[in-house]
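Q: Right, I'll just put the structure down here and ask away after.
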Amino acid sequence: EVRSPLIYATVIIVLAVVPLLALDGVAGSIFQPLATSYLLAVLASMLVALTVTPVLCVLLLRNGALKGSDSPTTAMLRNLHAALFGWAARMPVPVLVGVGALVVIGVASMSFLRQESLLPQFRETDLVVRLAGSTSASHAAMSRLTTVVSRELKKIPGVRNVSAHMGRAIASDKRTNINAGELAISLDPSADYDATVAAVRDVVNDYSGLSPEVLTYVQARLREELSGTGESLVVRVYGEDVSVIRKKADEIAQVLTRINGIVGSAVQVQYFNEAPTVEIEVDIDRARRYGLTPGDVRRSASALVSGLEVGSLFEAQKVFDVLVYGTPETRHSMTSLQELLIDTPSGGHVSLKDVATVRIVPAVTEIHRDAVARRMDVTATVRGRDLGAVAADIEQGIRQLDFPLEYRAELLGEYAVRQAAQRRVLAFGVAAAIAIFLIMQAFFGNWSMATLVFLTLPAALAGGALAVLFAEGGILSLGSIAGFVAVLGISVRNTILLASRYRKLECEGEAFGASLVERGTQEQAAPILTSAVTTALFWLPFAVFGNIAGLEIAHSMAVVILGGLVTTTLLSLVGVPAMNLVCGSAKAEPDLALVEELPDSVAA
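The sequence shown begins at 1 in the numbering used here and counts up one residue at a time.
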């Protein structure tokens, strides 16, 4: 009686989870273990129900009463259900209209949900503070500034330890400039988390010479994996000419600041690193008067200022380059550079300023490339709005900009990862939905019933969607998605078990009608309610006290499950019986009919 519906329900649950197994990359590394664990738990539960539970019933309930008296709570719930079922049996069509309204509410609620990030905001006690100084900042200056910041951070109540990492280690595989560093901050678990993090942000933001960013350790490492830049949304500009790339990046930054949902102060253009450089532009006409060519002037000036390699020195099996420089006095200021003496072919000398223009200009010291082309990133942080909606506005704004030939912009970051993941999930999800519908039809043996049950599945999720909308501010996360999958599994199991019980009673000779459906529902009401109550009691502490470090995913999952249990239980005990009354009798399966006739044939 239980084996067939349990196997059908398990197969449907497995198919519902299969699309999550199709994810790859960072999203796959997060969702696949969760989906795999859920599937293993479902399969283990089915095996226990089919093997261990019957054996324990035989051993422990051998001398027990087959029918005991109901507890006061069970009796009260049965009476309440009898009243609700009596109304549903008399007017099943209005009940189906109510189920349809619940479907509409569920779909409408889901349309208001948004996913700002792949993961929830982790309340980790380990923070990473990224510091970036000006491109001309020396390593010594950054070390002094970082030391001052570290000392001030240690004075904050709730901060346990502060350590700094400056520059790049000799054997490190991480590219880091000398004007950048990271602070690793450990917080006291017993401290006020929000107040402590806010105090840390206030301290690092007080230093105008730094561009700080405060992240949790998981956020920092995950963002690097998603976009390579550490931001949730990145617009990458490709091209060849540095000035054109910079101009287009600035235009895109202006577009981003006007989009709703983007924190204007967090929009940053990752300019190429620049350093002040001496530029010597030879005046050809003036140089010709002294018999000099541009090459003569450049070689003499570069030898005096930058040095000229003249040989090698071998000592202790080591090779050292020998360079000739001008004296420090000749290159310590712009005036001394302009007064450099250049030898002329006639044996005389001429000042550098007489044959060239000497000035200090910014020069690019590091150029980033991707897919052969040079690139510059414009980063932004999204808050208070769905990341997909913000990305759509960005793409529309980019299309309104004019790009020269061989210049383009591309949207990266968490949004790009999510889009790729959504396409894969959608493809596998459509296939899984078709397979689930066909399996339902095979079980019910009734196209109308299978269609009704399939179309009303969003009604079971309506409670979870409303819970996320009001309790979580409408923000979806990894735990919320896992909660919806769990609620879907509970709803499918309840529906199939109820339909199986109706079919069993009909095979036993009871005429299909309101009395059969009422009896089958009452027999399954106690297990359904017991399962719902025990599940709710398990997840209630996570929903009430679970928004702490280490339980962020469980908290959002608990909110969805508790909300979904309400609508799932109502749908199972009221909606599903009304569907069966409207759709009519389900034909007995051939194998059940064969089992009924088998004893007579054997006796014959």
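C-beta atoms are modelled at their ideal positions from N, C-alpha and C, and glycine is treated no differently.
(1) Just to confirm before moving on: does the CB-CB distance between S109 and A543 stay below 7 Å?
(2) Please list the segments of the alpha helix (DSSP H) lying wholly inside the stretch 503-571, counting only runs of 4 or more residues, in order along the chain.
(3) So does Y271 have its beta carbon nearer than 6 Å to some heavy atom of the ligand FMN?
(4) Thinking just about the alpha-carbon of each residue, which of V305, D241, L256, T125 is nearest to the one in Q219?
(5) Secondary structure at P72, three-state DSSP: helix, strand or coil?
(6) What residues in its chain sit with their C-beta under 6 Å from that of L516, if we drop five residues either side in the sequence?
(7) Identify, in the order they occur along the chain, each residue of the same chain with its Cβ nearer than 8 Å to the Cβ of A141, setting aside the five sequence neighbours on each side.
(8) Look up V602 in the DSSP assignment and say whether it is helix, strand or coil.
(9) Look at F444 and A450 and say whether their C-beta atoms are less than 7 Å apart.
(10) Between A421 and D24, what straight-line distance do the alpha-carbon atoms span, to the nearest angstrom?
(11) Taking buried to mean at least 16 other C-beta atoms within 10 Å of its own C-beta, is K155 buried or exposed?
(12) Please go through the same chain and pick out, in chain order, the residues whose beta-carbon is closer than 7 Å to the beta-carbon of R246, but skip the five residues on each side of it.
(13) What does the alpha-carbon distance come out to for the pair F470 and F112?
(14) Checking 7 Å against the spacing of the C-beta atoms, do S572 and N494 come in under that value?
(15) Measuring CB to CB, does S491 end up less than 7 Å from T568?
(16) So, using beta-carbon positions, are E274 and V364 closer together than 7 Å?
(17) Nearest-angstrom Cα distance between L405 and V372?
(18) Quick check on N273: does DSSP put it in helix, strand or coil?
(19) Reducing DSSP to helix, strand and coil, say where A191 ends up.
(20) When you compare the CB positions of V17 and L40, do they come within less than 7 Å of one another, or not?
(21) Give the straight-line distance between the Cα atoms of S346 and D354, rounded to the nearest whole angstrom.
(22) Leaving out the 5 sequence neighbours to the left and right, which residues in its chain are closer than 7 Å to E523 when beta-carbon positions are compared?
(23) What residue range does the beta strand (DSSP E) around R331 cover?
(24) Just verifying my parser: in three-state terms, what is the DSSP assignment at E472?
(25) Helix, strand or coil: which one does DSSP assign to M91?
(26) CB A253 to CB V378, shorter than 7 Å?
(27) When DSSP labels each residue in this structure, what does A316 get in the three-state scheme?
(28) Check for me: the alpha helix (DSSP H) holding R286 runs from which residue to which?
A: So, to answer that:
(1) No.
(2) Qualifying alpha helix (DSSP H) stretches, in chain order: 514-545, 552-570.
(3) You won't find the ligand FMN in this model; it holds no ligand whatsoever.
(4) Selected option, being the one with the closest Cα: T125.
(5) Three-state DSSP puts P72 in a helix.
(6) Within the same chain, and ignoring the five residues on either side of L516 in sequence, the residues whose Cβ sits closer than 6 Å to its Cβ are L505, E510.
(7) Shown here for A141: same chain residues with a beta carbon closer than 8 Å to its own, the five before and five after excluded, namely G133 in chain order.
(8) With a pLDDT of only 41 at V602, under the threshold of 50, the placement of this residue in the model should not be trusted; the figure read from the coordinates follows. Note: V602 maps to helix in three-state DSSP.
(9) Taking C-beta atoms as the reference points, F444 and A450 count as a pair closer than 7 Å.
(10) Their Cα atoms are separated by approximately 8 Å.
(11) The residue is exposed, with fewer than 16 neighbouring Cβ atoms inside 10 Å.
(12) Here the set comprises Y271, M376.
(13) C-alpha separation (whole angstroms): 11 Å.
(14) In contact: S572 and N494 (Cβ atoms closer than 7 Å).
(15) With respect to the 7 Å criterion, S491 and T568 are classified as neighbours on the basis of their beta carbons.
(16) Yes; because the gap between Cβ atoms is below 7 Å, this pair is in contact.
(17) Straight-line Cα distance between these residues: approximately 16 Å.
(18) In the structure shown, N273 sits in a strand (DSSP, three-state: E or B).
(19) In the three-state reduction of the DSSP assignment, A191 falls in the coil class, being assigned neither a helical nor a strand state.
(20) The Cβ atoms of V17 and L40 do not sit closer than 7 Å to each other.
(21) So the alpha carbons of these two residues sit roughly 16 Å apart.
(22) Taking C-beta separations shorter than 7 Å and ignoring five residues to either side along the sequence, the partners of E523 in its chain run R501, following chain order.
(23) Run containing R331: none; DSSP gives neither H nor E here.
(24) The answer is coil: DSSP assigns E472 none of H, G, I, E or B.
(25) Of the three classes helix, strand and coil, the one that applies to M91 here is coil, per DSSP.
(26) Inclusion of A253 and V378 in the CB contact set at 7 Å is warranted, their separation being smaller than that value.
(27) Shown here, A316 sits in coil according to DSSP, grouped into three states, outside any helix or strand.
(28) Per DSSP, R286 belongs to the alpha helix (DSSP H) from 284-289.
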